[in-house]
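Taking it in order: structure first as C-alpha cells, then the write-up.
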Amino acid sequence: MLIFSVAFTSLFFHPGCLGSLNVRVTVTPSLTEKTYPDKMPLTVGLYLSEEFKNYRYTDSTKTLGTTYDFWNLGRESGGMFEVGLSRIFEKVVIVDRRPPFPQPPSVPLRAVVEPRIEGLDFKVPAVVVQNWSARIRYRILVYDLGGKVVWEKAITGSGEVPGSYTRTVEELGTNPAKPATAAIVGATDRMLEAFLASEEIKALAR
C-alpha cells in the first residue's frame, strides 16, 4: 500500500470569522515495504492531459460563506499514479500525447496509460468533529501503440476522516484536505490491484 505524507496550505479564511477558506492539498509519496509480485516486464507510457493535470474542484455551497478549492487534484493524482505504476511495471515513461506517435518513442513502449478524472464528491459534516468525506472517480484507459483502447476501468477512491477543531490559521484546511488525500491513496491502490489482476495487461507482457 502507498503511504503519503501531506502538507496543507490555507490561503483564505472563514467569512464572518476569518474570511473565505481556500484549501490547497499537496501530497508527497513515500513507499512502504509492501511486497508486490515481480514487476511485469513492460515499459509503459503515462499520458497526463492538460485537462487532467489542471483539474480542480471548487465548492462554495457546502457551508455558507466558505469556499473549498481543491486546486491541484490532477497534478497530485498524476504523481501518485506514476509512483504506483513504477512499482508493478518495469519502467514508466511520461509521454506528451496519446498513441499513435508521429515518431517512434525514444524508449520502446508496449502500451500507454491515460487516467481521467470524472468527478469529486465532497461532504462537510454538520458538526466539525464528525466525519468529513470525499470520493474521487477516475477512468483508466490503456492504449496499444496503434491508439486502440485495450483496457478500460472505472476506479473510485474514498476517504472518510473525523474532523477536529482548529486552533490556528494553518490548521483550517486540514479537515477537508484529509479525506481527499485518502481518496487519492485508495484509488491508487485500487488501480494497481486492477492492473495486476487484468488478463489483458498480462497479455501485453507476453
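Sequential numbering from 0 applies to the sequence shown in numbering that gives the first Met the number 0. From the three backbone atoms N, C-alpha and C, an ideal C-beta is built for every residue, glycine too. Since we're looking at a predicted model, the values are computed, not measured.
If we count the other Cβ atoms within 10 Å of its Cβ and call it buried at 16 or more, is residue i buried or exposed?
i: R134; result: buried
i: T180; result: buried
i: P103; result: exposed
i: L17; result: Its pLDDT being 43, under 50, L17 is placed unreliably in this model, and the coordinates cannot settle the point.
i: T34; result: exposed
i: L47; result: buried
i: T57; result: exposed
i: A204; result: exposed
i: Y164; result: exposed
i: A153; result: exposed
i: I93; result: exposed
Under 7 angstroms from any heavy atom of the ligand GTP, does the C-beta of residue i make it?
i: M79; result: As for the ligand GTP, it is missing from this structure, which has no ligand bound.
How long is the line joining the alpha carbons of residue i and residue j, rounded to whole angstroms?
i: L140; j: S105; result: 22 angstroms
i: G158; j: P178; result: 4 angstroms
i: V111; j: V91; result: 9 angstroms
i: T187; j: V126; result: 30 angstroms
i: L144; j: L45; result: 12 angstroms
i: P124; j: D37; result: 43 angstroms
i: P68; j: S132; result: Looking at the sequence itself, residue 68 is Asp, so the reference to Pro does not match. Distance between the alpha carbons of D68 and S132 is about 15 angstroms.
i: S59; j: V43; result: 39 angstroms
i: R189; j: A202; result: 20 angstroms
i: R229; j: V148; result: Within the shown structure, residues of the chain are numbered from 0 to 205, placing residue 229 beyond reach of any answer.
Pick out whichever of the options has its Cα sitting closest to the Cα of residue i.
i: P114; options: P124, G77 and P99; result: G77
i: G162; options: Y137, I200, S59 and T173; result: T173
i: R55; options: E75, G146, N130 and G185; result: E75
i: E117; options: G185, Y137 and D68; result: Y137
i: F80; options: V184, R205 and A204; result: V184
i: G146; options: P99, R166, R109 and T155; result: P99
i: G156; options: V82, L119 and I87; result: L119
I'd like the span of the beta strand (DSSP E) that includes residue i, first residue to last.
i: P114; result: A110 to K122
i: D95; result: Element bounds for D95: n/a, residue is neither H nor E.
i: T173; result: No beta strand (DSSP E) contains T173, which is instead part of the alpha helix (DSSP H) from T173 to A196.
i: K147; result: Per DSSP, K147 belongs to no beta strand (DSSP E) and is neither H nor E.
i: S163; result: Counting along the chain, S163 falls outside any beta strand (DSSP E), and DSSP gives it neither H nor E.
i: A133; result: N130 to Y142
i: Y46; result: M39 to Y46
i: Y67; result: T65 to F69
Just reading off the alpha helix (DSSP H) that residue i is part of, what are its end residues?
i: F80; result: L72 to I87
i: K52; result: E49 to K52
Comparing the C-beta of residue i with each C-beta of chain B, is any distance below 8 angstroms?
i: L144; result: In the structure shown, chain B cannot be found, because there is only a single protein chain.
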